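Q: Can you read through this structure? Questions will come right after.
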Amino acid sequence: AQKVTQAQTEISVVEKEDVTLDCVYETRDTTYYLFWYKQPPSGELVFLIRRNSFDEQNEISGRYSWNFQKSTSSFNFTITASQVVDSAVYFCALSEAQNYGQNFVFGPGTRLSVLP
Amino acid sequence: KAGVTQTPRYLIKTRGQQVTLSCSPISGHRSVSWYQQTPGQGLQFLFEYFSETQRNKGNFPGRFSGRQFSNSRSEMNVSTLELGDSALYLCASSDPGAYEQYFGPGTRLTVT
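Here the protein sequences line up with chains A and B, keeping their order.
Oh and the first sequence: position 89 is 89 in my numbering, straight run, nothing missing.
In my numbering, each residue's number is its place in the second sequence (first place is 1) plus 1000.
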């Protein structure tokens, strides 16, 4: 069975601080996909990144970076020099190849508040 | 390209009624998935359609159903509405061969 855990329910930081959002997943499939989505107050889920299970390279995109470690089943997300516009709920998600990669299991989300 | 569109954006229904929600995927996307988001249960997968066929199904009662048309547009139907069906219903589409899903703005359903 698939499961995604985001232990941090809410995080508050002051603008320009770095913040890391944790994600731990469980799956029995050997091929799977991991995702991060952002849900701002407007409600629409915004795709941030996808990682395939066979690609453990970390990725950096501007102020965002992701650390994927299969050994610990973790896929953590770091925002460097946070900004007020980063305030949102962030979801980590997992899908398995056996379901054509389309049956997403989402974590409960982490609400990030960036204070000016 | 235009994004995923969902209609209507807001809906108020009474217990026992039925409702149909509509989703138009991004042009060229053939997979459409539906999710229910509630404060208590979070985001839960309902079902996924690809080329007019249901490929995946989540753990929801039979009152929840869907379909996909030849132009990839999709509808989901909830019959005999219950108060607990009040939620944000999100539709997502994905490109053939890709795995990330792109979400629409959602339909907020309130059951009274």
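Heads up, the beta-carbon is just placed ideally off N, CA and C, and yes, glycines get one too.
Values in this document were obtained by computation on a predicted structure and should not be read as measured data.
What's the C-alpha gap between Ala81/A and Asp18/A?
A: 5 Å
Q: Indicate whether Ser1033/B and Asn103/A have their beta-carbon atoms separated by less than 9 Å.
A: yes
Q: What residues from the segment 95-109 of chain A come within 9 Å of chain B, judged by C-beta to C-beta, listed N to C?
A: Look at the segment 95-109 of chain A: the residues with a C-beta under 9 Å from a C-beta of chain B are Ser95, Ala97, Asn99, Tyr100, Gly101, Gln102, Asn103, Phe104, Val105, Phe106, Gly107, Pro108 and Gly109.
Q: When you compare only the Cα positions, how much space is there between Gln1036/B and Gln83/A?
A: 30 Å
Q: Looking at the unbroken beta strand (DSSP E) that takes in Thr80/A, where does it start and where does it end?
A: Note, Thr80/A: premise wrong, no beta strand (DSSP E); not H, not E.
Q: Using a Cβ cut-off of 8 Å, pull out every chain A residue sitting near Phe1064/B, in sequence order please.
A: Near Phe1064/B there are no residues of chain A at all, since even the closest Cβ is about 15 Å away, more than 8 Å.
Q: Would you list the one or two residues that DSSP bridges to Phe1069/B?
A: According to DSSP, Phe1069/B bridges with nothing at all.
Q: Do Phe68/A and Asp86/A have their C-beta atoms closer together than 9 Å?
A: no
Q: Select from the segment 1055-1079 of chain B all residues with a C-beta closer than 7 Å to any C-beta belonging to chain A, and list them in chain order.
A: Arg1055 and Asn1056
Q: According to DSSP, which residues form a beta bridge with Ala1087/B?
A: Leu1109/B
Q: Would a C-beta distance cut-off of 9 Å place Gly1028/B and Lys1001/B closer than the cut-off?
A: Yes; because the gap between Cβ atoms is below 9 Å, this pair is in contact.
Q: Thinking Tyr64/A and Leu48/A are a contact (beta carbons under 8 Å), I'd like their distance in whole angstroms, please.
A: 7 Å
Q: Compute the distance between the beta-carbons of Thr5/A and Glu96/A, then report whether it is under 9 Å.
A: no
Q: Can you give me the Cβ contacts of Lys70/A inside the same chain, cut-off strictly under 8 Å, excluding the 5 residues immediately before and after it?
A: Ser53 and Glu56
Q: Buried or exposed, going by whether 16 or more other CB atoms sit within 10 Å of the CB of Pro1025/B?
A: Burial call: buried.
Q: So what does DSSP say about Ser1094/B, is it helix, strand or coil?
A: strand
Q: Measure from the alpha carbon of Thr9/A to the alpha carbon of each residue in Ser42/A, Ser61/A, Gln2/A and Thr20/A, then state which is nearest.
A: Thr20/A
Q: Tell me the DSSP secondary structure of Ala1/A in three-state form.
A: coil
Q: Strictly by DSSP, which residues pair up with Cys92/A?
A: Trp36/A
Q: Name, please, each residue of chain A whose Cβ falls closer than 8 Å to the Cβ of Leu1130/B.
A: Not covered by the structure: residue 1130/B. The range shown for chain B is 1001 to 1112.
Q: Looking at the unbroken beta strand (DSSP E) that takes in Gln1041/B, where does it start and where does it end?
A: It is not in any beta strand (DSSP E) - Gln1041/B carries neither H nor E in the DSSP assignment.
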